[in-house]
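Inspection log for the structure reproduced underneath, given as structure tokens.
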Amino acid sequence: MAEHTEFNRKLAQVFDFTPADLQANRNGLLTPAQEKWLSQTRQIRGCGQRAAYLALGGTIFVFVGLTPFVAPLNSPGFQSALPYLLFGVLLFAGIFLAAIIFGTIRSRDLQTGRISLAEGEATGFSVQNIKSKSGRVIGTAYFVTIGPTRFRLATPAQFEVFQADCPYRVYYIKDPPAHIILSVEKLDG
């Protein structure tokens with residue numbers, strides 16, 4: 009039992025959570041420190057979303073706003089191309105907006121702070137090299153599966169702390185593709 013407790017302390021150290029964090033997560037709550045950290049994560053993700061809106065607006069401006077300077081509006085060539093141009097702009101804007109909407113839906117748990125639970129044996133260990141377009145390795149991604157949920161881990165230490173075929177309970181915020189792990193505990197068994 010002492011070995012089990014010591015292992016859970018190691019999990020807390022590697023994943024940077026406190027016993028108070030774990031207890032709050034068990035009750036479906038976040039601690040003030042976790043709330044602050046998630047708030048910072050939301051702000052970072054919000055910057056990306058604002059950049060996407062800017063890119064969409066800029067592209068529409070280029071298509072629509074600069075068109076009169078490229079071809080006279082009353083020219084026969086422009087008049088015949090106008091339906092295709094509008095279709096292209098609307099199609100592009102629709103795809104872009106759909107991506108933004110689906111991204112917002114997928115990150116709903118991050119926005120609300122809803123805690124999810126994954127429970128099961130640690131399986132599906134994998135390490136993948138991240139390569140640049142030139143084929144040079146620029147990083148490494150670490151993955152482990154707990155129950156039905158696959159997690160991308162932030163550090164090699166997080167990857168190495170899991171023991172194969174041992175049961176764990178992971179409290180996390182769904183934020184595909186890399187869920188945010190709040191706390192982890194090894195279960196008896």
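When we follow the numbering used here, the leftmost residue of the sequence shown carries the number 9, and every step to the right adds one.
Every residue, glycine too, gets a C-beta built ideally from N, C-alpha and C.
A quick note: this is a predicted structure, and the numbers were derived from the prediction, not measured.
In the DSSP assignment, the beta strand (DSSP E) including residue i goes from what residue to what residue?
| i | result |
| --- | --- |
| Gln136 | 123-139 |
| Ser191 | 188-194 |
| Pro175 | 175-181 |
Tell me whether residue i sits in a helix, a strand or coil according to DSSP, three-state version.
| i | result |
| --- | --- |
| Arg116 | helix |
| Ser142 | coil |
| Thr163 | coil |
| Thr26 | coil |
| Ala149 | strand |
Are the CB atoms of residue j and residue i within a distance shorter than 8 Å?
| i | j | result |
| --- | --- | --- |
| Phe167 | Arg158 | no |
| Ile123 | Asn33 | yes |
| Val192 | Leu38 | no |
| Lys44 | Asp117 | no |
| Ala101 | Ile68 | yes |
| Arg58 | Gln119 | no |
| Leu46 | Gly121 | yes |
| Leu64 | Phe104 | yes |
Below 7 Å CB to CB, which residues in the same chain sit around residue i once its five sequence neighbours on both sides are set aside?
| i | result |
| --- | --- |
| Ile189 | Phe23, Phe159, Val178, Tyr180 |
| Asn137 | Val145, Thr148 |
| Ser115 | Arg53, Asp183 |
| Asn16 | Glu193, Lys194 |
Below 6 Å CB to CB, which residues in the same chain sit around residue i once its five sequence neighbours on both sides are set aside?
| i | result |
| --- | --- |
| Gly128 | Ile154, Gly155 |
| Phe170 | Ala130, Val152 |
| Gly132 | Thr153 |
| Ala126 | Ile154, Gly155, Thr157, Val178 |
Counting only the same chain and skipping the five closest in sequence on each side, list residues whose C-beta sits under 8 Å from that of residue i.
| i | result |
| --- | --- |
| Pro61 | It should be pointed out that residue 61 corresponds to Tyr in this sequence rather than to Pro. Here the set comprises Ile108. |
| Val72 | Val97 |
| His187 | Ser124, Thr157, Phe159, Arg160, Tyr180, Ile181 |
| Ser140 | Ile146 |
| Val135 | Thr148, Ala149, Tyr150, Phe151, Phe167 |
Is residue i near the ligand ADP, in the sense that its beta carbon is under 7 Å from a heavy atom of that ligand?
| i | result |
| --- | --- |
| Leu99 | In the structure on display, the ligand ADP does not appear, and there are no ligands present to speak of. |
Where do the N-terminal and C-terminal ends of the alpha helix (DSSP H) with residue i fall, by residue?
| i | result |
| --- | --- |
| Ser249 | With the chain running from 9 to 197 in the structure shown, residue 249 is simply not present. |
Hey, is the stretch 12-25 in contact with the stretch 91-108, meaning 3+ C-beta pairs nearer than 8 Å? Fewer than three pairs of CB atoms, one per stretch, sit closer than 8 Å, so the stretch 12-25 makes no contact with the stretch 91-108.
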